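Enquirer:
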Amino acid sequence: MGGLRDKAAIVGIGQTEFSSRSGRSETRMVLEAIKAALEDAGLRPGQVDGLVRYGVSQPALSETWVAHNLGVPNLRYWASIDFGGSAACAMVGQAAAAVHAGLADYVVCYRSVNGRSERRPGTSDTYQLLKGQDPGFDNFVVPHGLTAPTQIYAMIARRHMHEYGTTKDQMGAIAVNFRANANRTPGAHMKDRPLSLADYHASPVISSPLQLYDCCLQTDGAVAIVVCSAERARDLRARPVYVKGAVQATMPEPQGPLHSLVVRPDITESSAQAAARRLYAESGIGPGDIDVAQIYDCFTITVLLQLEAYGFCGRGESGAFVGDGHVALGGSLPVNTAGGNLSEGYLHGVNHILEGVRQVRGTSATQVAGVDTCLVTAGMPLPTSALILGGVAG
Amino acid sequence: MSGLLNATAPSHHPTAFEWDEGFWQAARQGRLVVQSCAACGKRRHLPRLMCPACGSLDFSWSDCSGRGTIYSWTEVRRSFHPSFADVPFVLALVALDEFPDVHFVTRIEAADVPAGGLRIDAPVELFFDELSAEITLPRFRPVR
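Chains A and B are the protein sequences, given in the same order.
Counted from 1, the first sequence has number 209 at position 210 by numbering that gives the first Met the number 0; the numbering is strictly sequential.
Counted from 1, the second sequence has number 3 at position 4 by numbering that gives the first Met the number 0; the numbering is strictly sequential.
1) Against residue 161/A, what residues of chain B qualify as contacts under a CB-to-CB distance less than 8 angstroms, listed in chain order?
2) Taking CB distances under 8 angstroms as the criterion, tell me whether residue 75/B reaches chain A.
3) Residue 60/B bridges to which residues according to DSSP?
4) Considering residue 309/A, what are the terminal residues of the beta strand (DSSP E) in which it resides?
5) Hey, does residue 380/A have any beta-carbon neighbour from chain B nearer than 8 angstroms?
6) Going by DSSP, name the residue or residues bridged to residue 135/B.
7) Which value, in whole angstroms, describes the spacing of the CA atoms of residue 294/A and residue 108/A?
8) Which residues, in chain order, does the region 139 to 153 of chain A contribute to contact with chain B at a C-beta distance below 8 angstroms?
9) Tell me which residues share the same chain as residue 209/A and place their Cβ nearer than 7 angstroms to its Cβ, disregarding the 5 neighbours each side in the sequence.
10) Can you tell me which of 170/A, 106/A, 146/A puts its alpha carbon nearest to the alpha carbon of residue 74/A?
11) Bridge partners for residue 113/A per DSSP, in chain order?
12) Would you say residue 68/B faces chain A, with C-beta separation under 8 angstroms as the test?
13) Under 8 angstroms between C-beta atoms, does residue 96/B make it to chain A?
14) Residue 89/A: buried (16+ other C-beta within 10 angstroms of its C-beta) or exposed?
15) Quick one: which chain A residues come within Cβ less than 7 angstroms of residue 106/B?
16) Classify residue 67/A: buried if its beta carbon has 16 or more other beta carbons within 10 angstroms, exposed otherwise.
17) Does the CB of residue 14/B have a neighbour CB from chain A at under 8 angstroms?
18) Given that residue 157/A touches chain E, what residues does it touch there, using C-beta distances under 7 angstroms?
19) Taking a contact to mean a Cβ-Cβ separation below 8 angstroms, would you say residue 337/A touches residue 29/A in this structure?
20) Please check if any C-beta of chain A sits within less than 8 angstroms of the C-beta of residue 127/B.
21) Could you name the residues of chain A that residue 19/B contacts, counting a contact when the two beta carbons are closer than 9 angstroms?
22) Cβ of residue 264/A less than 8 angstroms from any chain B Cβ?
23) Would you list, in sequence order, the uninterrupted beta strand (DSSP E) runs of no fewer than 3 residues that lie entirely inside the region 77 to 112 of chain A?
24) Looking at the ligand FAD, does it come within less than 7 angstroms of residue 370/A, judged from the CB to the closest heavy atom?
25) Going by CA-CA distance only, name the one from 171/A, 54/A, 53/A, 12/A that's closest to residue 41/A.
26) Taking 8 angstroms as the threshold (C-beta atoms), are residue 349/A and residue 87/A in contact?
27) Quick test of the definition: if touching needs 3 or more C-beta pairs under 8 angstroms, does the region 187 to 200 of chain A touch the region 316 to 329 of chain A?
28) Pull up the CB-CB distance for residue 71/B and residue 158/A, whole angstroms please, since I reckon it's below 8 angstroms.
29) Take residue 117/B and list the residues in its own chain whose beta-carbon comes closer than 8 angstroms to its own, dropping the five residues that flank it on each side.
30) Can you give me the start and stop residues for the beta strand (DSSP E) that residue 99/B sits inside?
31) Given this structure, state the Cα-to-Cα distance separating residue 341/A from residue 47/A, to the nearest angstrom.
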C-alpha cells in the first residue's frame with residue numbers, strides 16, 4: 000500500500016450556494032467558502048499555512064492574494080493545479096502530501112468561479128484557439144469545427160453506444176437520478192428544478208447524441224476544503240475524513256485538452272483506467288469496498304466510462320449497470336448523491352469532494368446508510384485524479 | 000516561418016509550425032502524410048519534433064492512401080465558437096486503413112451525408128479543401 004494512506008484528513012468543508020447568478024465576485028465567493036471551511040474545522044485564518052488552488056487562469060484567486068485577504072502570516076506551501084476537470088482530487092492529494100511531508104500544517108484547497116454569469120467553461124469564452132500554445136489541437140482538430148468538449152464527448156458516447164449497445168434511456172437514467180439527488184440538496188443549483196426521463200428525451204440536441212441534460216451545468220459558486228495531518232485532525236472538532244488514497248494519472252499520449260482522442264485507438268478508454276489501478280493498489284481498498292461514489296460527470300458518458308474503469312462493472316456493461324438501478328440512492332452504489340456537475344453545480348468536481356466528505360461524516364442531505372468509504376473521481380480530459388475517502392483510520 | 004504564413008488568415012486556419020510544415024506542404028500537393036521517424040521508422044500523428052519511441056529529432060513524411068472508415072461522428076447543433084456558427088454541421092473521426100490507431104478529424108458536408116445518416120465503419124475517401132493560398136486541409140467524405 001502507498002505512503003499517503005491515513006496520513007492526512009479533510010477536517011473542514013465550506014461552500015457558497017450554487018446558482019446561475021451569484022451577484023458577487025469570484026474573490027468574494029472564495030473568501031466566503033474558505034471562511035466557512037475554517038469555521039467547520041474550528042480553525043482561525045491565521046493558522047492556515049498552505050494554499051492549493053484550482054487552475055491557473057484566475058489572477059484574482061492567486062494564492063498570495065487569497066493569503067493577503069485571509070491574513071495568513073506565514074504561507075509555507077502553495078500550488079496551482081491545472082488541466083481543467085482533472086485537477087479536483089489532485090488538489091487534495093497534493094495538500095495531503097504537503098502535510099504528510101511537514102511542509103505545512105493546515106492547507107486550504109479552493110475553487111471559485113462565476114461559470115454562468117461570467118466565464119462559460121466549454122464555450123468559446125474559455126476554449127480559446129490557443130495559437131502556438133496547443134498546436135496539435137489548433138491545426139488538426141479546430142479547423143474542421145471541433146472546438147468544444149461537448150463535441151468530443153459526443154463522439155465518445157456514440158462510439159460507446161455502437162460498441163456496447165448503450166442506450167439514451169440508460170444515459171437519461173443518470174441525468175434523472177442525479178437531478179433527484181440535487182432536488183434534495185440545499186444550495187444545489189438545480190434544487191428546485193425536477194427532471195423526468197420524458198424531459199430528458201425532449202430536450203434539444205447539443206451535439207448528437209448528447210442532448211441538453213447529458214451536459215453539465217454552468218454554475219456560479221465557490222468551494223473550499225481544509226486538509227491537515229491525521230494527528231492534527233484528532234484535535235479538531237469535526238469528525239476527520241481520512242484520505243485513504245490519492246492519485247494522479249495520464250495515458251501514454253498526454254496531448255493537451257481532450258484531443259488525445261485523435262491518437263487513442265480506443266476512445267472509450269481513458270486515464271481513469273490507470274488511476275483506478277494505482278488508487279486501489281495504494282489504498283488497499285477495492286471496488287467491492289466502496290460504499291458510495293462521487294464520479295465526475297461533465298457529461299453522462301463520463302459516468303459510464305468511469306463506472307467501467309473503476310471496476311464497478313465490466314467494459315461495456317455500464318449502461319446495464321445504470322439501467323438496473325445500481326447508481327440510484329437506493330442502489331448498490333449510489334453515485335453523485337448531491338447531483339454532481341450535472342445537477343448540484345459545475346465546480347469542476349471539487350463539489351464532489353465536499354459531498355464525499357458529507358457522506359463519510361454522515362451529514363449529507365441524501366445520506367446513504369452505513370457509509371465508510373467513498374470514491375471521488377475527477378475529470379479525464381486526458382489527465383485525471385482520484386481519491387478514496389474513509390471514516391476510519393487503519 | 001511559424002505564424003508569419005497566416006498573419007491575416009481567419010483565426011481557425013492552421014498555422015504551420017516547424018514540426019508540421021511538411022504536413023501542410025504535402026497537403027498543398029494533394030498528399031496526406033504522417034510523420035515517420037528517420038531513426039527507428041515509427042510513424043506518428045499528431046506531429047511533433049521528437050520520436051516518442053527512440054528520441055530522435057529527425058523525421059520524414061510518409062504518404063497515406065487516404066482510405067479509411069468512420070470511427071465515430073456527431074451532428075453539432077449548437078455553435079461553440081463564432082468561427083463555426085453554421086450549425087448544424089457534422090464532424091467525424093476517421094480511422095485510416097493503414098493506420099487505424101490514429102484518427103483524423105474531418106467535417107462531413109451535409110450533401111455528403113447519406114440518406115440514412117452516417118454509419119460507423121462506413122468507408123471514406125480523401126479529398127482536399129483549399130482554404131487559402133497557404134493552407135489546404137485534408138478532409139474525408141463517405142464513399143458513395
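No residue lacks a Cβ here, since even glycine has one placed at the ideal position from N, Cα and C.
A quick note: this is a predicted structure, and the numbers were derived from the prediction, not measured.
Expert: Reading off the structure:
1) Taking the first sequence and counting its residues from 1, the one referred to as residue 161/A is at position 162. Those are 71, 119, listed as they occur along chain B.
2) Position 76 of the second sequence, counting from 1, holds the residue named residue 75/B. For residue 75/B, the answer is yes, since a Cβ of chain A falls inside 8 angstroms of its Cβ.
3) On the second sequence, position 61 is the one that residue 60/B refers to. Residue 60/B is bridged to 34/B.
4) As a working mapping, residue 309/A is identified with position 310 in the first sequence. Taken as a continuous stretch (DSSP letters only), residue 309/A belongs to no beta strand (DSSP E), as it is neither H nor E.
5) Counting from one through the first sequence, the residue named residue 380/A turns up at place 381. So, not an interface residue.
6) Your numbering for residue 135/B matches position 136 in the second sequence. Residue 135/B pairs with 129/B.
7) For this step, residue 294/A is matched to residue 295 along the first sequence. For this step, residue 108/A is matched to residue 109 along the first sequence. Going by the C-alpha atoms only, they are around 19 angstroms apart.
8) 139, 140, 141, 142, 143, 144, 145, 146, 147, 149, 150, 153
9) One-based indexing of the first sequence puts residue 209/A at position 210. Excluding residues within five positions, the ones whose Cβ falls inside 7 angstroms are 149, 152, 153, 156, 298.
10) Counting from 1 along the first sequence, the entry for residue 74/A is found at position 75. Of the candidates 170/A, 106/A, 146/A, the one whose C-alpha sits nearest the C-alpha of residue 74/A is 106/A.
11) Indexing the first sequence from 1 puts residue 113/A at position 114. 219/A, per the DSSP bridge assignment.
12) Indexing the second sequence from 1 puts residue 68/B at position 69. It does not: the Cβ of residue 68/B has no partner Cβ on chain A nearer than 8 angstroms.
13) Numbered from its first residue, the second sequence carries residue 96/B at position 97. So, not an interface residue.
14) Locating residue 89/A in the first sequence gives position 90, where the first residue counts as 1. Classification for residue 89/A: buried.
15) The residue you call residue 106/B lines up with position 107 of the second sequence. Result: 143, 144.
16) For the purposes of this step, residue 67/A is identified with residue 68 of the first sequence, where counting begins at 1. Answer is exposed; the Cβ neighbour count stays below 16.
17) The residue given as residue 14/B occupies position 15 in the second sequence. With 8 angstroms as the cut-off, residue 14/B counts as an interface residue toward chain A.
18) Of the chains in the structure shown, none is chain E; the protein chains are A and B.
19) What you label residue 337/A is simply residue 338 of the first sequence in a count that begins at 1. What you label residue 29/A is simply residue 30 of the first sequence in a count that begins at 1. No, the pair does not count as a contact, with Cβ atoms beyond the cut-off.
20) One-based indexing of the second sequence puts residue 127/B at position 128. Output row for residue 127/B: interface = no.
21) Counted from its first residue, the second sequence places residue 19/B at position 20. Neighbours of residue 19/B on chain A, chain order: 134, 135, 138, 139.
22) Counting from one through the first sequence, the residue named residue 264/A turns up at place 265. True, the Cβ-Cβ gap to chain B drops below 8 angstroms.
23) none
24) This structure does not include the ligand FAD; it has no bound ligands of any sort.
25) Indexing the first sequence from 1 puts residue 41/A at position 42. If we check each option's Cα against that of residue 41/A, 12/A comes out closest.
26) Within the first sequence, the letter at position 88 stands for residue 87/A. Within the first sequence, the letter at position 350 stands for residue 349/A. Yes, Cβ-Cβ distance for residue 87/A and residue 349/A is below 8 angstroms.
27) no
28) Start at 1 with the first residue of the second sequence, and residue 71/B comes out as number 72. Start at 1 with the first residue of the first sequence, and residue 158/A comes out as number 159. Yes, residue 71/B and residue 158/A are in contact; Cβ-Cβ is about 4 angstroms, under 8 angstroms.
29) In the second sequence, the residue the question calls residue 117/B occupies position 118. Excluding sequence neighbours, residue 117/B sits near 69, 72, 89, 91, 107, 141.
30) One-based indexing of the second sequence puts residue 99/B at position 100. Element bounds for residue 99/B: 98 to 107.
31) The residue labelled residue 341/A in the question sits at position 342 within the first sequence. The residue labelled residue 47/A in the question sits at position 48 within the first sequence. Their backbone Cα atoms lie some 32 angstroms apart in a straight line.
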